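In this note's numbering, the protein residues as written are 6 to 215. Reviewing the structure listed below.
Encoded structure:
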């Protein structure tokens, strides 16, 4: 089992089905890894020098696929997700991409079906199954793994967040982009405490326009 790889980014490519493939050069050997879009953006923003990617190897009868993640906690969450009946690797990555690690764990632990169902390919029944099977496990695992509760969990009401999301969707942004923006601006304590939807929208648009 390969726990992680440390090397330099050779190439990052998008393929069919919106999949992102990283070629990581480790001692002149190119490892091909499928990674979340979030990780590809981080690597593209600062791909010079050595990077560490945590991995999960999936072995099938006809192929072996190596998946890469930004942290051991993200990799371990992916393993928890694909243990749920009906959740394959692609849905696992899509969930991580759409919500991000802290918000995804928070949604599962609190049984937030609406948040989980924002992920393309995840309907209400699938979201309910994820929450039912992983709620208790992740509540305990989150403490052990040191996954922080997202600021947005104690921030604006769900009604305000819904206004923000609907506005950004109408402007043409994707759910995954909106999730990343909300996660990022939630780290700003002034924004996180705000009950003004317009302020959240302005901050999100500013972040997305960077």
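Heads up, the beta-carbon is just placed ideally off N, CA and C, and yes, glycines get one too. This structure is a prediction, so every number in the text was calculated from the model and none was measured.
Report task. For residue 108, count neighbouring C-beta atoms within 10 Å of its own C-beta (all shown protein chains included) and say buried if the count is 16 or more, exposed if not. Result -> buried
Query raised in the report: In whole angstroms, what is the alpha-carbon distance linking residue 136 and residue 169?
Result: Whole-angstrom Cα-Cα distance: 24 Å.
Query raised in the report: Does the distance from the CB of residue 31 to the CB of residue 12 come in under 8 Å?
Result: yes
Query raised in the report: For the beta strand (DSSP E) that residue 101 lies in, which residues bound it at each end?
Result: Not the beta strand (DSSP E): residue 101 falls in the alpha helix (DSSP H), residues 94-104.
Query raised in the report: Is the beta carbon of residue 144 less than 8 Å from the beta carbon of residue 125?
Result: For residue 144 and residue 125, no; Cβs fall outside 8 Å.
Report task. Go ahead and pull the three-state DSSP assignment for residue 181. Result -> Here DSSP, grouped into helix, strand and coil, assigns residue 181 to helix.
Query raised in the report: With which residues is residue 24 paired in a DSSP beta bridge?
Result: 20
**Report entry** Status (buried if at least 16 other CB within 10 Å, exposed otherwise) for residue 80
**Finding:** It counts as buried.
Requested in this report: Quick one: give me the first and last residue of the alpha helix (DSSP H) that residue 70 is part of.
Outcome: Residue 70 -> not in any alpha helix (DSSP H); beta strand (DSSP E) instead, spanning 69-74.
Query raised in the report: For residue 128, which residues from the same chain have a beta carbon less than 8 Å from its beta carbon, with the 5 sequence-adjacent residues on both sides left out?
Result: Around residue 128, the same chain offers 122 as residues with beta carbons nearer than 8 Å, after the five sequence neighbours per side are excluded.
Query - C-alpha gap between residue 7 and residue 150, whole angstroms - result: 20 Å
**Report entry** Cβ-based neighbour list, residue 78, same chain, cut-off 8 Å, excluding 5 preceding and 5 following
**Finding:** 106, 150, 151, 152
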